[in-house]
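Each residue of the sequence shown is one higher than the one before, starting from 3 at the first, in our numbering. The structure appears right after this line, and notes come after that.
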Amino acid sequence: MADLLWDDQVAWLLDPAGGDCLPDVYIADTTAADWQALFDLVVERGWAFEYAVGDTVLPLPRAEAVLSRPVGAECPYLRVWPDPGVCAIFRFLGEEEIDFDLALRELQGQERLDVLCGFLAAIGRRLGKPVPMYFEGDTRAPFLGYDLEADRVRVLWTPPEERDGRPALG
């Protein structure tokens, strides 16, 4: 059974009609060990990936090496394809937060939604943390994400007119 149903629950949330937005995923309170667990998960799952600094593609290093680069050094990135049509782009801005982007145009339809749900859940289960997704540039409240307590991906966003002063965390 799918975590979410495309037509009934999320098509409107993942609609790229306003442009090809890149929703932001932020996993808070992480460490270098969490980053390494993510690297290990990518390799274990056999997901295609590409680690690069600038235009130079390199072998995937240990997380500690990536996170201890000199001040002012170019920020590397890790592209991960949990499915050939879905790419997550991780940036290494600090060990205390794992963050990545996904392209809405790649997340259309039930099949791609299932890939997204499986990807977020795999990361959340491995790290033992929630994996919230935010509208691009707006981290006030997540709209979708892996709920650790429920052990599934669910819609987290409530439209403002339905909140009645409550937080937007559904």
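Cβ atoms here follow ideal geometry from the backbone N, Cα and C, with glycine treated the same way.
Proximity winner among the options, relative to residue i (alpha-carbon distances)
i: A13; options: G111, I91, A123; result: G111
i: G96; options: L6, A35, D85; result: A35
i: D10; options: D103, G120, L115; result: L115
Status (buried if at least 16 other CB within 10 Å, exposed otherwise) for residue i
i: C77; result: exposed
i: D149; result: buried
i: T58; result: exposed
i: L158; result: buried
i: L60; result: exposed
Cβ neighbours of residue i in the same chain (closer than 8 Å, five flanking residues each side left out)
i: Y28; result: E99, I100, D101, P134, Y136, T141
i: T32; result: E97, E98, E99, I100, L129, K131
7 Å Cβ shell around residue i - same chain, five flanking residues per side excluded
i: S70; result: none
i: E138; result: C23, L24, P25, D26
i: P18; result: L106, R107
C-alpha gap between residue i and residue j, whole angstroms
i: A4; j: L24; result: 23 Å
i: A152; j: A143; result: 18 Å
i: L7; j: P63; result: 37 Å
i: A123; j: R154; result: 6 Å
Beta-carbon contacts of residue i that lie in its chain and below 6 Å, excluding the five residues immediately before and after
i: R128; result: A39, L43
i: T89; result: According to the sequence provided, residue 89 is Cys. The question's Thr does not apply to it. Hits under 6 Å: R81, W83.
| task | Just list the beta strand (DSSP E) runs in the stretch 37 to 75, keeping only unbroken ones of 3 residues or longer that don't cross its boundaries, in chain order. | result | The beta strand (DSSP E) runs lying completely inside the stretch 37 to 75 and spanning 3 residues or more are 50 to 55, 58 to 60, given in chain order.
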